[in-house]
Amino acid sequence: MKRSVAVGLTIAAGAAAWYALAPSARDEEIAGNLYTDPQSCAADGRYTRDQCITAAVNANEAHQQSAPRYATQADCLADFPGSTCQPLYQTGGGPSLFVPAMAGFVVAATVASAMSAPSAVPVYRTCRNDADPQACRSGGSVGGGAYYTGSGSAVSRGSSGSSVSLARSGFTSAPSTATLSRGGFGARAAAHGGGHS
Amino acid sequence: MERARIAFRPDWQQQAASVGFAHAIIDGKPYWDETTYYRFTLDEIERGLEAPTQTLLGMCYDAVNYIIARPDLMRRLAIPEMAWDYIAKSWRRHDKDLYGRFDLRYDGTAPPKLYEFNADTPTALFEAAVFQWNWLEQNIERGTMANDADQFNSIHEKLIAAFGKLGLGRRTLHLSGLGDDDEDRLTVEYLDDCARQAGLATRLIAIADIGITADGRFTDLEDNIITDLFKLYPWEWLLAETFGAYLPGDTMRMIEPPWKMTLANKGLLAVLWEMYPGHELLLPAYFDGDPRIAELRGATVRKPLLGREGRNIVIGNRPPTAGPYGEEGHVVQALAELPDFVGNRPVIGSWVVAGEACGIGIREEAALVTSDTARFVPHIILG
């Protein structure tokens with residue numbers, strides 16, 4: 137016989153999962169405070185001036201290590217409209233990459249209370265196309281627009297002042313295994329209409 | 490080899506829908522056409538298609554050695570230089586390939602001729618391996634086909650066996666492609682099913698969802714490092730896109746492996762003709778601009794090195810078929826017109842899985858250049 141003895145399929149049509157669970161299903165939200173600079177942090181009164189400077193420095197370090205990276209400025213701006221996208225200076229050479237400017241940092245309230253040096257993560261700002269760019273770039277202690285962590289988690293603004301909440305995973309510091317960027321494959325399919333033969 | 494007619498199964502459309510074969514009908518027209526089938530003798534299959542396919546595959550493996558040792562050919566095939574070492578290493582390491590489809594001209598009498606080898610991203614796999622098989626089994630069961638009718642099609646069994654021999658151990662196999670294209674999705678999900686039946690742990694991920702870490706490793710949506718990736722996405726596109734520069738430096742095992750790039754290129758046709766001039770399974774072929782093209786008798790076909798689905802093809806002096814391909818260069822091949830079966834022109838897709846010829850799928854339409862709308866028609870072996 138030149139044909140298969142049996143041809144069975146085990147997965148029902150449409151049952152295959154192409155997408156991971158939504159982050160909300162595996163990630164609880166934790167509270168924090170969002171500042172654009174150490175001065176506004178200190179002025180808020182929750183942290184000392186030294187704590188604020190340490191938080192800003194830590195966040196900047198994390199930004200250097202793990203900001204979302206893009207091959208072109210245009211790609212970066214597509215994900216972070218209204219932001220400033222800058223070249224990343226790499227010590228080891230390699231392709232030149234662009235990262236969005238750090239727009240501020242979030243200090244995790246719960247972590248900070250237990251430690252003298254508060255844990256802080258960098259955040260990035262985007263403006264929707266219809267937003268007033270002036271209002272987006274300026275305004276108040278936290279500015280306008282929407283904020284995201286480097287891993288793409290949205291930073292939810294609290295009811296007042298600097299209060300925010302974000303996914304706990306935004307605070308796990310494992311830059312060596314954290315995904316910095318997605319969407320670096322697949323662009324040509326759009327122009328060619330599929331790549332099979 | 491004969492073309493025959495048969496009544497379609499009344500419930501074939503429901504069956505197609507129930508297995509996720511959504512593109513069985515495209516724009517209101519059947520892509521899967523079971524009102525027609527081709528009948529072969531066992532000798533036509535074994536001597537006319539199976540053995541020649543095996544021979545062609547051996548020639549292709551020889552061509553990998555030949556091309557890798559020749560920087561001028563690597564350049565001529567438009568393979569980016571940053572990938573040359575990557576390709577050579579994957580070949581020396583014996584990275585396993587999974588599958589491919591030779592497109593052959595065959596009329597049941599003369600030896601088949603190679604039109605091209607789809608070595609990287611072949612589709613029309615599910616309909617050949619599964620739907621065609623079901624069609625024959627059910628027609629035999631319903632008494633509408635002879636009991637001793639057979640089919641050249643052990644593709645499904647060979648795929649499961651091949652996944653089992655990849656040597657992944659407990660590592661997870663990620664399978665990727667365009668999640669929003671019916672044909673690609675079906676192909677990837679079918680291969681996923683085969684991999685699972687072989688006992689592998691698998692995950693699906695859309696090609697655009699693949700992530701990258703600070704040290705240039707690739708990740709899935711839950712930030713797991715991807716160690717082994719099947720990708721139904723052209724190699725030349727992967728390398729040219731944003732993350733492509735990181736592929737050669739990464740240890741991720743790829744299926745198809747990087748060395749398949751030397752075969753998934755119409756320039757292979759010119760290389761094979763240079764290695765095996767006059768071989769009965771080959772059509773004369775040269776890279777564009779070669780003076781020997783003028784010596785080719787009769788009409789010629791000009792094909793983009795990296796074209797797909799019958800696009801940007803020029804036959805003789807006719808206008809080209811539409812399409813976006815061709816910037817990497819072309820190959821010119823002597824024309825061997827598809828055989829004519831009452832106005833229908835079938836092309837034989839001859840499948841190889843893990844180095845073994847194991848089945849065929851037939852596409853036919855009235856045109857000389859088979860496009861992505863050509864109907865898929867089943868076949869049987871009888872006599």
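Protein chains in written order, with the numbering used here: chain W, 137 to 333; chain C, 490 to 872. Virtual Cβ for every residue (Gly too), placed ideally from N, Cα, C. Nothing here was measured: the structure is a model prediction, and the numbers come from that model.
Inter-residue Cα distance where the pair is residue i and residue j
{"i": "E817 of chain C", "j": "G632 of chain C", "result": "52 Å"}
{"i": "K749 of chain C", "j": "A608 of chain C", "result": "6 Å"}
{"i": "E853 of chain C", "j": "L625 of chain C", "result": "19 Å"}
{"i": "P311 of chain W", "j": "I701 of chain C", "result": "Any reading at P311 of chain W must be qualified, since the residue scores a pLDDT of 35, below 50, and its modelled position is unreliable; the value itself is stated next. So the two alpha carbons sit approximately 11 Å from each other."}
{"i": "T598 of chain C", "j": "A617 of chain C", "result": "23 Å"}
{"i": "P867 of chain C", "j": "K602 of chain C", "result": "21 Å"}
{"i": "D532 of chain C", "j": "S860 of chain C", "result": "29 Å"}
{"i": "A203 of chain W", "j": "L545 of chain C", "result": "49 Å"}
{"i": "S160 of chain W", "j": "L693 of chain C", "result": "Annotation note: pLDDT 41 at S160 of chain W (below 50); position unreliable, no value reported."}
{"i": "A856 of chain C", "j": "T525 of chain C", "result": "17 Å"}
{"i": "A158 of chain W", "j": "L710 of chain C", "result": "Low confidence applies here, because A158 of chain W scores a pLDDT of 41, under 50, leaving its location unreliable; read the following figure in that light. If you take the alpha carbons of A158 of chain W and L710 of chain C, they lie about 10 Å apart."}
{"i": "R590 of chain C", "j": "L794 of chain C", "result": "17 Å"}
{"i": "F620 of chain C", "j": "A496 of chain C", "result": "16 Å"}
{"i": "S643 of chain C", "j": "L871 of chain C", "result": "16 Å"}
{"i": "C212 of chain W", "j": "E725 of chain C", "result": "23 Å"}
{"i": "W521 of chain C", "j": "I782 of chain C", "result": "38 Å"}
{"i": "S665 of chain C", "j": "Y722 of chain C", "result": "8 Å"}
{"i": "T610 of chain C", "j": "H332 of chain W", "result": "5 Å"}
{"i": "L718 of chain C", "j": "I696 of chain C", "result": "10 Å"}
{"i": "D712 of chain C", "j": "M634 of chain C", "result": "52 Å"}
{"i": "T862 of chain C", "j": "N833 of chain C", "result": "13 Å"}
{"i": "A195 of chain W", "j": "G668 of chain C", "result": "36 Å"}
{"i": "K138 of chain W", "j": "A214 of chain W", "result": "53 Å"}
{"i": "L662 of chain C", "j": "A687 of chain C", "result": "12 Å"}
{"i": "V300 of chain W", "j": "I714 of chain C", "result": "31 Å"}
{"i": "T740 of chain C", "j": "T285 of chain W", "result": "28 Å"}
Integer-rounded CB distance, given that residue j should sit under 8 Å from residue i
{"i": "R706 of chain C", "j": "D584 of chain C", "result": "Going by Cβ atoms, the distance from R706 of chain C to D584 of chain C rounds to 18 Å, so no, they are not a contact pair."}
{"i": "Y283 of chain W", "j": "R318 of chain W", "result": "Not quite, the Cβ-Cβ distance comes to about 19 Å (not below 8 Å), so this is no contact."}
{"i": "T810 of chain C", "j": "V841 of chain C", "result": "In fact, because the Cβ distance is near 27 Å, the residues do not count as touching under 8 Å."}
{"i": "G320 of chain W", "j": "F732 of chain C", "result": "3 Å"}
{"i": "T542 of chain C", "j": "A846 of chain C", "result": "4 Å"}
{"i": "D681 of chain C", "j": "T691 of chain C", "result": "5 Å"}
{"i": "Y735 of chain C", "j": "M548 of chain C", "result": "With 8 Å as the limit, Y735 of chain C and M548 of chain C do not qualify as a contact, their Cβ atoms being about 33 Å apart."}
Residue j beta carbon less than 8 Å from that of residue i
{"i": "R205 of chain W", "j": "E730 of chain C", "result": "no"}
{"i": "F510 of chain C", "j": "F615 of chain C", "result": "yes"}
{"i": "R528 of chain C", "j": "Q627 of chain C", "result": "no"}
{"i": "V508 of chain C", "j": "L170 of chain W", "result": "no"}
{"i": "E769 of chain C", "j": "V141 of chain W", "result": "no"}
{"i": "G805 of chain C", "j": "A788 of chain C", "result": "yes"}
{"i": "R492 of chain C", "j": "G756 of chain C", "result": "no"}
{"i": "T449 of chain C", "j": "R660 of chain C", "result": "Lying before the first or after the last residue shown, residue 449 of chain C is absent from chain C, which here runs from 490 to 872."}
{"i": "A244 of chain W", "j": "I166 of chain W", "result": "yes"}
{"i": "P813 of chain C", "j": "A327 of chain W", "result": "yes"}
{"i": "R185 of chain W", "j": "A191 of chain W", "result": "no"}
{"i": "L587 of chain C", "j": "I744 of chain C", "result": "yes"}
{"i": "G464 of chain C", "j": "A613 of chain C", "result": "The structure shown does not extend to residue 464 of chain C, since chain C is modelled only from 490 to 872, so the question has no answer here."}
{"i": "A577 of chain C", "j": "I557 of chain C", "result": "yes"}
{"i": "G330 of chain W", "j": "D670 of chain C", "result": "yes"}
{"i": "P737 of chain C", "j": "D637 of chain C", "result": "no"}
{"i": "F241 of chain W", "j": "C221 of chain W", "result": "no"}
{"i": "G799 of chain C", "j": "G815 of chain C", "result": "no"}
Spatially closest choice to residue i from the options, by CA coordinates
{"i": "I147 of chain W", "options": "C:M571, C:V677, C:D717, C:W580", "result": "C:V677"}
{"i": "L689 of chain C", "options": "C:D704, C:D670, C:F652, C:D669", "result": "C:F652"}
{"i": "I534 of chain C", "options": "C:V821, C:K720, C:I714, C:L593", "result": "C:L593"}
{"i": "I837 of chain C", "options": "C:E763, C:D596, C:V790, C:A496", "result": "C:D596"}
{"i": "A210 of chain W", "options": "W:S298, W:P236, W:P174", "result": "W:P236"}
{"i": "F776 of chain C", "options": "C:L562, C:L827, C:F606", "result": "C:L562"}
{"i": "V760 of chain C", "options": "C:V820, C:K654, C:A540", "result": "C:V820"}
{"i": "D704 of chain C", "options": "W:A152, W:L316, W:A149", "result": "W:L316"}
{"i": "S298 of chain W", "options": "W:A151, W:A153, W:R182", "result": "W:R182"}
{"i": "L752 of chain C", "options": "C:P519, C:E570, C:D500, C:D551", "result": "C:D551"}
{"i": "F865 of chain C", "options": "C:D500, C:L667, C:K518, C:A506", "result": "C:K518"}
{"i": "R791 of chain C", "options": "C:C549, C:Y555, C:E605", "result": "C:E605"}
{"i": "G656 of chain C", "options": "C:I629, C:A684, C:E570, C:I869", "result": "C:A684"}
{"i": "E570 of chain C", "options": "C:H512, C:R536, C:P747, C:D516", "result": "C:P747"}
{"i": "S232 of chain W", "options": "W:R293, W:A290, W:L224", "result": "W:L224"}
Residue-chain proximity (residue i, chain D), Cβ-Cβ < 8 Å
{"i": "R685 of chain C", "result": "As a matter of chain content, chain D is missing from the structure shown, whose protein chains are W and C."}
| field | Minimum length 4: unbroken alpha helix (DSSP H) runs contained in the region 199 to 243 of chain W | value | 209 to 215, all fully within the region 199 to 243 of chain W.
| task | List in chain order: all unbroken alpha helix (DSSP H) runs of 4+ residues lying wholly within the region 559 to 635 of chain C. | result | 560 to 565, 573 to 581, 621 to 630
| message | I'd like the ranges of any beta strand (DSSP E) spanning at least 3 consecutive residues and lying wholly in the region 792 to 841 of chain C. | response | 819 to 823
| query | Which ranges does the alpha helix (DSSP H) cover as unbroken runs of at least 4 residues, wholly within the region 684 to 718 of chain C, from first to last along the chain? | reply | Qualifying alpha helix (DSSP H) stretches: none in this window.
| Segments of 3+ residues assigned as beta strand (DSSP E) that fall wholly inside the region 719 to 781 of chain C | 742 to 744, 774 to 776
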